[in-house]
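Engineer:
There are 2 protein chains.
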Amino acid sequence: MALVLDAMGSDRHPIPEIEAAIQFARETSEKIYLVGHRDVVFSVAKESDFAGLPIEFVHADDILDSDAKAVSSFKEKPNNSMAVGLRLVREGKADGFLTNGSTGAALFAALRILGRVRNVSRPALTTYFPTQSDYCVLLDIGANSDCRPEFLHQFAVMGVVYAEKLLGISRPKIGLLSNGEEESKGNELARETFKLLKASPRLNFYGNVEPKEVFARKVDVVVTDGFSGNIFMKTTEATAKMITDILKSGFMATPLTKIGALLNKSTLAALKTKVDPEKIGAAPLLGVDGLAFVGHGRSNANATLGGLRRVKEAAKSGLIDEIRRRIPIELSNESGE
Amino acid sequence: MALVLDAMGSDRHPIPEIEAAIQFARETSEKIYLVGHRDVVFSVAKESDFAGLPIEFVHADDILDSDAKAVSSFKEKPNNSMAVGLRLVREGKADGFLTNGSTGAALFAALRILGRVRNVSRPALTTYFPTQSDYCVLLDIGANSDCRPEFLHQFAVMGVVYAEKLLGISRPKIGLLSNGEEESKGNELARETFKLLKASPRLNFYGNVEPKEVFARKVDVVVTDGFSGNIFMKTTEATAKMITDILKSGFMATPLTKIGALLNKSTLAALKTKVDPEKIGAAPLLGVDGLAFVGHGRSNANATLGGLRRVKEAAKSGLIDEIRRRIPIELSNESGE
């Protein structure tokens, strides 16, 4: 087992990445390829920091521009850290890849270097989503702003395999995010996707789900397009932040309110854990022919370490092989019974 | 001034409606037409309950089926309470209409009976949306699941007039809900709408807004299609409910946690007010040629009373006349300066 970590991804790169690589190597003894520009990486680390640990530094000569320009600069800078790292996966030297860099650039790079799993039209960015009990799987959260019904059909299959392999759920229930539970609800994309999912005898399709059904954990896998999924996820984060900000400023207002908050410390800590985007860690680009995960740009060392653990779990689970195997079976109209 | 209240709308009709009508009539002395089937209304109220109050009962012989079947049953039952009530508005006998019934049926009824304001393609269901400071205007939250860019352009103008007239904001800033702030973000609908809004010199267009910018109150009016807007609003409500449920059960767990909660009573009450959907009240169908408001099916008497107050404010503000006047001006490409 070997994993690749892009050292140039996070907003504060390469510090969180270096710390995470060292901690992960100590914890697991798995090999890590740490990929980045040598001047950047060794301005904060010395080669000796890695001595005795299974960390191999790999130089990438090009440095991507950030954010909006990442994709266009990718084309002019073919030896950027994402490209160099993903080539290690393609060549079979590593089993999975993690970057905290631009999602758009990671998608572009993964498609160009790893390609797509056969019969998959578009990869989907896939996340664990917090509900009132445990996590469900949500996709797409932002790889594809414009989707067709067949993309969402494929997302459903990939989400099912992910829920089986990583969450250990058998026959995961699929919900289609919509603006009402009835079959007639939804925009054209949702209504057409509903028909495809309903007509797939091997998929365990629950039907449409509204946000409250997602939180009530009515389904294991929530399927939507990357525009709606991104807004859904970000609205959850933003609402949670607004509420916790109101609570925090109220709780810190006077000595008495501080005591009150202290008496409820465990509830507030549990709440913080549930709604903290960092705990959710990195998201895989499912449908890419190899393991490629994307973390938040604002990831710290802990979030990056969490991401590495997730990549390792996915690599050990045989996720990609199972997606390759199941896509043609599950998309067919033949019943599995 | 006279308002129409559909007595047959809420899940527990006609009780909340009767209570709200009585309270509103006492509070304002404005005339209320209470429209419903006489058997239903007078099974819980007697004519004498209204005696001395400016409430006029109007019989509607047909009763709509609920929810999914509301629109189809509307066609077979032309003398239902929505239709009878909206005719009072069309005939100039009343200045505004409120129902807690099906949004789909209300939209259908309002379009059929009141028609559209000239140059408006589709009416938009419009709400006040809670942010960290005060409310902004959000539309469409569910009247149109499938939109074209020109619909959203018109929504922007109607939302601006609503923010001016009802929230007293001058030159309201418009944000387009999207999955990123850059102009290049969004699905095709959002990207095309961006171009239209940017090319409208009289509109104060801020650009794309993500959910966190909406909550940070970066803009006064948030424009989106009815599918995304509905999911955005419902996700906010569902996240808030999940969090307050976690807090509630933690705070009630032991005597000590209860004392802690008591010490923070004012913060928790403020939070409850902010995220309570009932406080937001009824939503107008902007673009309909007359004032038609839709409240939640689960509205109680207080929420219905809040809805009546909102209809009255809107009627007094001259909202519809201003929308009629501004739509052709604001949609033109000529600068107002």
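Residue numbers (our numbering), protein chains in the order written: chain A, 5 to 341; chain B, 5 to 341. Glycine included, C-beta positions come from ideal geometry on N, C-alpha and C.
How long is the line joining the alpha carbons of A:A29 and A:I22, rounded to whole angstroms?
Structural biologist: Cα to Cα, the separation comes out at about 11 Å.
Engineer: CB-CB under 7 Å to A:E3, same chain, minus the five flanking residues each way: which ones, in chain order?
Structural biologist: A query on residue 3 of chain A cannot be resolved here, the shown segment of chain A reaching from 5 to 341 and no further.
Engineer: Which first and last residues belong to the alpha helix (DSSP H) in which B:H157 is found?
Structural biologist: That run of the alpha helix (DSSP H) goes P153 to L171.
Engineer: Taking A:F219 as the query, report the chain B residues whose CB atoms sit under 8 Å from its CB, ordered along the chain.
Structural biologist: Within 8 Å Cβ-Cβ: A242, T243, K245 and M246.
Engineer: According to the neighbour-count rule (16 or more other Cβ atoms, all chains shown, within 10 Å of its Cβ), is A:M256 buried or exposed?
Structural biologist: The residue is exposed, with fewer than 16 neighbouring Cβ atoms inside 10 Å.
Engineer: Decide if A:I145 is buried, meaning its Cβ has at least 16 other Cβ atoms within 10 Å, or exposed.
Structural biologist: Buried, by the Cβ-count rule.
Engineer: Distance, Cα to Cα, A:G13 vs B:T277?
Structural biologist: Using only the alpha carbons, I get a separation of about 41 Å.
Engineer: Indicate whether at least one CB of chain A lies closer than 8 Å to the CB of B:E60.
Structural biologist: For B:E60, the answer is no, since every Cβ of chain A falls outside 8 Å of its Cβ.
Engineer: What three-state label does DSSP hand A:T130 in the structure shown?
Structural biologist: Strand at A:T130.
Engineer: Is the shortest distance between the beta-carbon of B:I284 and the beta-carbons of chain A less than 8 Å?
Structural biologist: No, its Cβ sits nowhere closer than 8 Å to a Cβ of chain A.
Engineer: Just the chain A side, please: which residues come within less than 8 Å of B:G190 by C-beta, in chain order?
Structural biologist: The answer, in chain order, is S149 and F231.
Engineer: Leaving out the 5 sequence neighbours to the left and right, which residues in its chain are closer than 8 Å to A:L345 when beta-carbon positions are compared?
Structural biologist: This structure leaves residue 345 of chain A out entirely; chain A is present only between 5 and 341.
Engineer: So A:F61 packs on A:F54, CB below 8 Å; how close in whole Å?
Structural biologist: Indeed they touch by this definition, with Cβ atoms about 7 Å apart.
Engineer: Assign A:I67 to one of three DSSP states: helix, strand, or coil.
Structural biologist: DSSP places A:I67 in coil when its eight states are reduced to three.
Engineer: Residue ranges of each alpha helix (DSSP H) run of no fewer than 4 residues wholly in the segment 11-63 of chain A, ordered along the chain?
Structural biologist: Runs found: 19-32 and 42-48.
Engineer: On the criterion of 16 or more Cβ atoms from any shown chain inside 10 Å, does B:N268 qualify as buried, or is it exposed?
Structural biologist: Label assigned to B:N268: buried.
Engineer: Under a Cβ-count criterion, where at least 16 other Cβ atoms within 10 Å of its own Cβ denotes burial, should B:A25 be classed as buried or exposed?
Structural biologist: Under this definition B:A25 is a buried residue.
Engineer: Determine the closest residue to B:T107 out of B:I331, B:L323 and B:A296, with distance taken between C-alpha atoms.
Structural biologist: Among B:I331, B:L323 and B:A296, the Cα nearest to that of B:T107 belongs to B:A296.
Engineer: Under 8 Å, with one C-beta from each stretch per pair, do the segment 202-211 of chain B and the segment 244-260 of chain A reach the 3-pair mark?
Structural biologist: The answer is no - the segment 244-260 of chain A does not touch the segment 202-211 of chain B, with fewer than three Cβ pairs under 8 Å.
Engineer: Would B:E341 count as contacting chain A if we go by Cβ distances under 8 Å?
Structural biologist: Low confidence applies to B:E341: its pLDDT is 45, below 50, so where it sits in the model is not reliable, and the reading given next is rough at best. Not an interface residue.
Engineer: What does DSSP give as the partner residues of B:G89 in its beta bridges?
Structural biologist: Looking at the DSSP assignment, B:G89 forms no beta bridge with any residue, so it has no partner.
Engineer: State yes or no: is the beta carbon of B:E154 nearer than 8 Å to at least one beta carbon in chain A?
Structural biologist: Cβ-Cβ to chain A under 8 Å: no for B:E154.
Engineer: Can you pull the DSSP bridge partners for A:V213?
Structural biologist: DSSP lists A:L181 as partners of A:V213.
Engineer: Between A:D144 and chain B, is the shortest Cβ-Cβ distance under 8 Å, so that the two count as touching?
Structural biologist: Not one chain B Cβ lies under 8 Å of A:D144.
Engineer: Report buried or exposed for B:T243, applying the criterion of at least 16 other Cβ atoms within 10 angstroms of its Cβ.
Structural biologist: Under this definition B:T243 is a buried residue.
Engineer: From A:R330 to A:R94, what does the alpha carbon distance come to, in whole angstroms?
Structural biologist: Each residue's alpha carbon lies about 21 Å from the other.
Engineer: Enumerate in chain order the residues of its own chain whose CB-to-CB distance from B:V121 is below 8 Å, with the five nearest sequence positions on each side excluded.
Structural biologist: Once the five neighbours on either side are set aside, the close Cβ partners of B:V121 are G291, V292, D293, I324, I327, R328 and I331.
Engineer: Taking C-alpha atoms, which residue in A:G56, A:T239, A:E214 and A:T103 lies nearest to A:P18?
Structural biologist: Among A:G56, A:T239, A:E214 and A:T103, the Cα nearest to that of A:P18 is on A:T103.
Engineer: Tell me the rounded alpha-carbon separation between A:A319 and A:G100.
Structural biologist: So the two alpha carbons sit approximately 6 Å from each other.
Engineer: For B:L142, does the three-state DSSP call read helix, strand or coil?
Structural biologist: Three-state DSSP puts B:L142 in a strand.
Engineer: Just verifying my parser: in three-state terms, what is the DSSP assignment at A:A194?
Structural biologist: The answer is helix: DSSP assigns A:A194 an H, G or I state.
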